Amino acid sequence: TQLLEQSPQFLSIQEGENLTVYCNSSSVFSSLQWYRQEPGEGPVLLVTVVTGGEVKKLKRLTFQFGDARKDSSLHITAAQPGDTGLYLCAGARGDFGNEKLTFGTGTRLTIIP
Amino acid sequence: GAGVSQSPSNKVTEKGKDVELRCDPISGHTALYWYRQSLGQGLEFLIYFQGNSAPDKSGLPSDRFSAERTGGSVSTLTIQRTQQEDSAVYLCASSLAPGRGSEKLFFGSGTQLSVL
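As given, the protein sequences belong to chains R and V, one line each in that order. Each step along the first sequence adds one to the number in our numbering, with nothing skipped, and position 62 is 62. One rule links them: number in our numbering = place in the second sequence (from 1) + 113.
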């Protein structure tokens, strides 16, 4: 059973456009992390959100945790070719955060120059 | 080392053979994790170590899979009698300590396993 669904699975847009990817679940998570993974490499952590309704910004990336802590979104403003990659959300449950992160299915983003 | 190191980076084996995958975590990181990633997909949790102990082995797909960690550092994931469905990228990650979701995981580049 896949607990975290990401949408869209694939997204290809022109440089300079804005985009939003979503991470949805019917389960409540104590925290949620977003990673970016490039070919041949492991995922790299971008951000962790902990509080329902929390918004975090990382340059042109804005991350939001849903009020009920069941979903999250990642918005990218003025996308750049360097944003290309596989974006993964990962939810932690319970008091112990990282032991068994549940990863989403991923969104493969391609930014066309 | 500067980061999580995994070896080999690529492994091609024949069905039925045993394989060993190695992970060298960041020095001082007490927590170590193994994940499996099928082509272009999300990560599937396999096992987690705190020190040399594995409190959670629930993700291991079958009894052909085992893992150990010695000296609170290097870990080895062993797959016996490999099957074609074992083909995937095996990723290792480490962190300072298991936390409340705020601890940062550092991933290695993975081992691409291909079972022919």
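C-beta: ideal position from N, C-alpha, C; glycine also. This one's a predicted model, so the numbers in the text were calculated from it and none came from an experiment.
In three-state terms, what does DSSP make of residue i?
i	result
T1 of chain R	Annotation note: pLDDT 48 at T1 of chain R (below 50); position unreliable, no value reported.
G85 of chain R	strand
D176 of chain V	coil
E234 of chain V	No answer is possible for residue 234 of chain V: the residues shown for chain V start at 114 and end at 229.
Q80 of chain R	coil
Looking at residue j and residue i, is the spacing between their C-beta atoms short of 8 Å?
i	j	result
Q9 of chain R	T105 of chain R	yes
V49 of chain R	S72 of chain R	yes
T107 of chain R	L4 of chain R	no
G82 of chain R	L32 of chain R	no
R149 of chain V	T189 of chain V	no
Q163 of chain V	A144 of chain V	yes
In the DSSP assignment, what residue or residues form a beta bridge with residue i?
i	result
H75 of chain R	R:T20 and R:T62
E10 of chain R	Residue 10 of chain R is actually Phe in this sequence, not Glu. Looking at the DSSP assignment, F10 of chain R forms a beta bridge with R:R108.
K56 of chain R	R:F63
T51 of chain R	T51 of chain R pairs with nothing; no bridge assigned.
Where do the ends of the beta strand (DSSP E) carrying residue i lie?
i	result
S118 of chain V	S118 to S120
D67 of chain R	Element bounds for D67 of chain R: n/a, residue is neither H nor E.
T126 of chain V	N123 to T126
F29 of chain R	Unbroken run through F29 of chain R: none, as it is neither H nor E.
| message | Count Cβ pairs between the segment 222–229 of chain V and the segment 157–164 of chain V that sit closer than 8 Å; are there 3 or more? | response | With a cut-off of 8 Å on Cβ pairs, the segment 222–229 of chain V is not in contact with the segment 157–164 of chain V, counting fewer than three such pairs.
| said: Under 8 Å, with one C-beta from each stretch per pair, do the segment 43–52 of chain R and the segment 126–140 of chain V reach the 3-pair mark? | reply: By the Cβ rule, the segment 43–52 of chain R does not count as touching the segment 126–140 of chain V, because fewer than three pairs are nearer than 8 Å.
| Chain-ordered residues of the segment 151–177 of chain V with a beta carbon less than 9 Å from chain A | The structure shown contains no chain A; its protein chains are R and V.
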